[in-house]
Amino acid sequence: MRPKADVVQPDVVAVTVTTEIDVAEVRQEARRLALRHGFGTVRAYGLATAVSELAMNLVLHTARGGQIRLTAQDAAETAVIELVAEDDGPGIPDIALAMEDGFSTRGGLGCGLPGTRRLVDTFAITSRVGEGTRIVCLVRRP
Amino acid sequence: MHGLGQILLQSRADVLEAWLERLRETVPGVQPASLQLLKLELGTLIEKLTGYFLTDDDDGAGPAFKSVEEQAATTSAACARDGLTPMETATLILSLKAIAGELLDRETSAKATDLYRMRTALDAVVDRLALVTFAAFVETREEIIKRQGRALLDLATPALPIWRHIILMPLVGIIDTQRARQVMEWLLEALSREEARIAILDVTGVPLIDSRVALHLTKTVEAARLLGSQVIVTGISPDAAQTLVKLDVDLSNMITRGSLRSGLAEAFRLLGQQSKGTTETMI
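Chains as they are written, first to last, in the UniProt record's numbering: chain V, 1 to 142; chain W, 1 to 283.
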């Protein structure tokens with residue numbers, strides 16, 4: 001039986017990220033998801049990059065990795081993709097500092113988190129030291 | 001299980017024939033060449049099994065059983081190389097139960113209780129061999145995958161001397177930390193080997209350039225500069241360019257060109273500048 005036209009099921013991609021291979025996989029999935037829901041190639045590339053940055057953080061900063069979850073929801077004339085990165089890693093002691101351009105604890109360029117914020121429409125981060133970090137982003141079409 | 005060993009010893013040729021028949025049934029498309037090879041493997045396995053049952057090494061921890069296990073692993077590896085699926089391999093090993101069962105059914109001289117004990121002993125051994133086979137199969141497959149991965153890594157990063165003093169390195173595929181390290185290593189090696197002044201790093205084939213890849217690119221450029229060479233990065237797509245600007249990655253130290261063609265033109269321009277005032281010919 002086909003679903004009714006006005007009830008659109010959300011399109012979900014969830015990947016547990018522990019190694020660099022997972023990062024490559026999840027960002028590829030993210031790009032496909034965005035293209036599938038009518039996002040332009042630049043937006044899709046941007047989302048894939050945001051996913052890549054967050055996923056790489058999971059690999060670099062947590063011992064057991066974390067989860068990346070993408071949920072796409074179509075609506076009339078628009079579509080929204082929610083990106084959630086969640087882990088139970090060490091947490092971020094100073095979020096304001098982590099969001100600053102050029103700050104890195106791992107010898108990176110320090111543009112992962114601030115760059116991701118610029119790539120998405122809505123960005124929210126909560127973190128507790130010793131408990132984990134949760135980042136929720138929204139990307140809207142058009 | 002001395003009796004079982006004797007029975008196997010007498011009819012090992014029949015057992016092998018029956019086993020090969022099962023193999024043909026399980027894997028209809030088996031190649032004659034692999035059939036020959038597997039015949040040798042299975043023959044050796046039967047021999048070792050016979051040896052094990054003849055030595056009365058019943059606890060399954062002695063050297064006789066060890067050698068059976070080793071042979072089972074070798075057989076399984078041969079199966080994996082010949083393209084048998086794990087299921088086919090396990091089915092093949094387990095079919096020994098039925099074959100030997102038929103053999104014991106024909107055995108009328110032994111007592112029923114002895115036959116029963118022989119059968120349970122054989123079943124236990126074959127079950128263990130199936131597990132060993134499976135583990136060996138997975139191991140072989142993983143080894144193959146690892147080798148392919150390494151081969152792919154080697155393939156993916158050629159450094160081509162395309163002109164005097166110019167080398168081209170087209171990057172294709174995902175750049176992870178290991179790849180990035182290798183790219184840098186090979187590029188620097190090629191630069192000094194070819195005495196090149198310019199390296200063109202073409203990233204058209206890289207699916208995504210995030211801050212991590214950008215970091216590796218800047219490091220490579222810096223390292224090349226220490227060797228007195230310049231790196232031109234080409235093939236950054238318009239999508240990537242817009243994203244990199246938003247990420248605020250600082251690539252100002254890097255010479256970048258949109259296409260490989262304009263990158264090559266830039267390389268010639270730089271070479272022309274460098275050789276000005278010297279008698280050295282450029283080409």
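No residue lacks a Cβ here, since even glycine has one placed at the ideal position from N, Cα and C.
- With a contact defined as Cβ atoms closer than 8 Å, L60 (chain V) and R106 (chain V) qualify at about 5 Å.
- Against chain V, the CB of L171 (chain W) has no partner CB under 8 Å away; the residue lies outside that interface.
- Bounds of the alpha helix (DSSP H) holding R181 (chain W) are 177–193.
- Taken in chain order, the complete alpha helix (DSSP H) segments of 4 residues or longer contained in the region 42–102 of chain W are 63–81.
- Residues of chain V with a Cβ closer than 9 Å to the Cβ of L208 (chain W) are, in chain order, A24, R27, Q28, R31, Y45, A48, T49, S52.
- Per DSSP, reduced to three states, the secondary structure at R197 (chain W) is coil, with no helix or strand assignment.
- Beta bridge pairing from DSSP links L70 (chain V) with V:V13, V:L83.
- Looking at W:V221, W:H165, W:G101, the one whose alpha-carbon comes closest to that of G272 (chain W) is W:H165.
- Listed in chain order, the non-local C-beta contacts of L49 (chain W) below 6 Å within the same chain comprise V68, local neighbours out to five positions each way being set aside.
- At least 8 Å separates the beta-carbon of L54 (chain W) from that of T75 (chain W).
- Note on geometry: alpha-carbon atoms of K111 (chain W) and Q148 (chain W) lie some 54 Å from one another.
- Close to chain V, meaning a Cβ-Cβ distance shorter than 9 Å, is no residue of the region 8–25 of chain W at all.
- Cβ neighbours of A180 (chain W) within its own chain (closer than 6 Å, five residues either side excluded): H216.
- In this structure, S11 (chain W) sits away from L129 (chain W), with a CB-CB distance that is not shorter than 8 Å.
- If you look at M169 (chain W), you'll find it in the beta strand (DSSP E) that goes 166–172.
- Within chain W, the residues placing a beta-carbon under 9 Å from that of M56 (chain V) are D210, S211, R212, ordered along the chain.
- When only Cα atoms are considered, T108 (chain W) and R150 (chain W) end up about 57 Å apart.
- Proximity of chain V to A240 (chain W) at the Cβ level (cut-off 9 Å) is accounted for by Y45, T49, in chain order.
- Cα atoms of T122 (chain V) and V172 (chain W): separation of roughly 33 Å, rounded to the nearest angstrom.
- Scanning the region 2–26 of chain W for uninterrupted beta strand (DSSP E) segments of 3 residues or longer gives nothing; none is fully contained.
- Cα atoms of C111 (chain V) and N57 (chain V): separation of roughly 11 Å, rounded to the nearest angstrom.
- Short of 8 Å from the beta carbon of I236 (chain W), and not among the five residues preceding or following it, lie these beta carbons of its own chain, in chain order: V203, I209, L244, T256, G258.
- Counting along the chain, no beta strand (DSSP E) covers S52 (chain V); the unbroken alpha helix (DSSP H) around it starts and ends at 41–61.
- Where S211 (chain W) is concerned, the enclosing alpha helix (DSSP H) starts and stops at 211–226.
- Q230 (chain W) sits buried, since 16 or more C-beta atoms from the chains shown fall within 10 Å of its C-beta.
- Residues of chain V with a Cβ closer than 7 Å to the Cβ of I174 (chain W) are, in chain order, A24.
- Bounds of the beta strand (DSSP E) holding Q230 (chain W) are 230–234.
- A straight-line Cα-Cα distance of about 49 Å links M99 (chain V) and A136 (chain W).
- The beta-bridge partner set that DSSP reports for I255 (chain W) consists of W:I232.
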